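Below is one structure, written out as structure tokens; comments come after it.
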Amino acid sequence: MANKKMTMADIAEMAGVTKSTVSRYFNGGYVKQTTKDKIQKVIEEYNYEPNAFARLKAKKSNVIGVVVPTLNSKVTSRVITSIDRYLRERDYTTLIKNSDHDIDLEIQNIQRLIHLNVDGILLSSISITKEHKKIFEEASIPVVVLAQDYPEGISIIDDDYQAGKFMGEYIGKNGHKKVGYIGVYETDEAVGIRRKQGVLDGLKKYGITDPVIAKSDYSFIGGQKNTREILEKADVDAIICATDRLAFGCYKILQKRGLRIPEDVSVAGFGGYDESSLLTPELATIKFDSYGMGYLGAETILKMIREEPVSKKQIVDYEFIEGKSVKKC
Numbered sequence: 050m051a052n053k054k055m056t057m058a059d060i061a062e063m064a065g066v067t068k069s070t071v072s073r074y075f076n077g078g079y080v081k082q083t084t085k086d087k088i089q090k091v092i093e094e095y096n097y098e099p100n101a102f103a104r105l106k107a108k109k110s111n112v113i114g115v116v117v118p119t120l121n122s123k124v125t126s127r128v129i130t131s132i133d134r135y136l137r138e139r140d141y142t143t144l145i146k147n148s149d150h151d152i153d154l155e156i157q158n159i160q161r162l163i164h165l166n167v168d169g170i171l172l173s174s175i176s177i178t179k180e181h182k183k184i185f186e187e188a189s190i191p192v193v194v195l196a197q198d199y200p201e202g203i204s205i206i207d208d209d210y211q212a213g214k215f216m217g218e219y220i221g222k223n224g225h226k227k228v229g230y231i232g233v234y235e236t237d238e239a240v241g242i243r244r245k246q247g248v249l250d251g252l253k254k255y256g257i258t259d260p261v262i263a264k265s266d267y268s269f270i271g272g273q274k275n276t277r278e279i280l281e282k283a284d285v286d287a288i289i290c291a292t293d294r295l296a297f298g299c300y301k302i303l304q305k306r307g308l309r310i311p312e313d314v315s316v317a318g319f320g321g322y323d324e325s326s327l328l329t330p331e332l333a334t335i336k337f338d339s340y341g342m343g344y345l346g347a348e349t350i351l352k353m354i355r356e357e358p359v360s361k362k363q364i365v366d367y368e369f370i371e372g373k374s375v376k377k378c
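In our numbering, the protein residues as written are 50 to 378.
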């Protein structure tokens, strides 16, 4: 019998037991030893592996739920890849739910994973609300929050404030006087608030106290729209973008208007996307250790499942990629 077509009903028939007995066997329920031996013999003979979803009602499912704000992001892709690789090597399955930057959908995804009886949840959150906290308190499984600070629980975060401050200072010390900033909405606390505040504080250190600020979603189109808005408001000599994708949109509008980068307007971003190095000129950007975040998240959730001690907050480092898109003083 082909392995992929084999079902629990087939195992039950060959072992001479009921389907419910086979189900109990896989889900950790009571089964007599003689019956276990019969089922095990069939499993070994046909190399049967139960589908992950068939095991989700087990006391220990070996499935970790992962909730992410988007699948259309290089950073998220790196985090997921690292999580999945780490867990797979330790015989865990990753079940990924995409929230599409929607808080309500994010809450629903968390609840669905809890109802599926996953062993733990890694949540790359947009924002931690009162409803999140209530669910976490009531959940009987460990939760690790990625990318957002969660003082009441366990979190792994990027150093958004310090990275923002570094970039603000870099633009300031290179002689720029009139700066634009394309941020994201404050619903994303890490990027929309902490990263932005870091940039503003870094600029302030060099006497730049009145940057032209625009807000966007995370899209290429949003970057274009906000760049047009900034150019209409002021004659800026630099634009800092909260993400590389926004910077891509910024490049398009500046080049479309005949403005040279960096001779006329410097541009900087955050993300360190591979594509950023292919831009002309290469984008100055800050790359967070997204693979490290995924690794730490997966390692931490398994430690919590084993009831081992973990740090309440771990901060992931960043790397500055200088590129050639910022004019030097």
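For every residue, glycine included, the Cβ atom is placed at its ideal position computed from N, Cα and C.
Source: prediction; values computed, not measured.
Please report the straight-line C-alpha distance between residue i and residue j, rounded to a whole angstrom.
i      : j      : result
Val248 : Ser72  : 56 Å
Thr70  : Val80  : 7 Å
Val117 : Asp250 : 29 Å
Lys383 : Tyr74  : Summary: the structure shown does not reach residue 383, with the chain confined to residues 50 through 378, and so no result is reported for it.
Arg355 : Lys227 : 53 Å
Phe319 : Gly213 : 9 Å
Pro191 : Ser131 : 19 Å
Met57  : Met63  : 10 Å
Arg309 : Glu238 : 33 Å
Tyr210 : Leu162 : 31 Å
Val316 : Glu186 : 43 Å
Ile231 : Asp266 : 10 Å
Ile288 : Tyr97  : 57 Å
Lys68  : Gln82  : 17 Å
What residue range does the beta strand (DSSP E) around residue i cover?
i      : result
Val194 : Val192 to Leu195
Asn158 : From DSSP, Asn158 is part of no beta strand (DSSP E) but of the alpha helix (DSSP H) over Ile152 to His164.
Ser204 : Ile203 to Asp207
Cys290 : Ala287 to Cys290
Ile335 : Ala333 to Phe337
Gly320 : Gly320 -> no beta strand (DSSP E), and no H or E assigned at all.
Check residue i in the structure and name its three-state DSSP category.
i      : result
Asp266 : coil
Val117 : strand
Leu144 : strand
Lys362 : strand
Val228 : strand
So the alpha helix (DSSP H) residue i belongs to, where does it begin and stop?
i      : result
Asp259 : Where Asp259 is concerned, there is no enclosing alpha helix (DSSP H), given that its DSSP letter is neither H nor E.
Ser72  : Lys68 to Phe75
Met84  : One point to set straight first is that residue 84 is Thr, not Met, in the sequence displayed. Its alpha helix (DSSP H) spans residues Gln82 to Tyr95.
Gly298 : Asp293 to Lys305
Leu252 : Lys245 to Lys253
Anyone know if the C-beta pair for residue i and residue j falls short of 8 Å?
i      : j      : result
Asp140 : Asn111 : yes
Asp168 : Lys253 : no
Val233 : Gly224 : no
Asp198 : Ser204 : yes
Thr125 : His150 : no
Ala296 : Gly272 : yes
Does any C-beta atom of chain C lie closer than 8 Å to the C-beta of residue i?
i      : result
Val248 : Protein chains in the displayed structure number just one, and chain C is not present.
Could you tell me whether the region 146-165 touches the region 213-226, where touching means 3 or more Cβ pairs closer than 8 Å?
-> no
Contact the region 355-375 vs the region 327-338: 3+ CB pairs below 8 Å = yes
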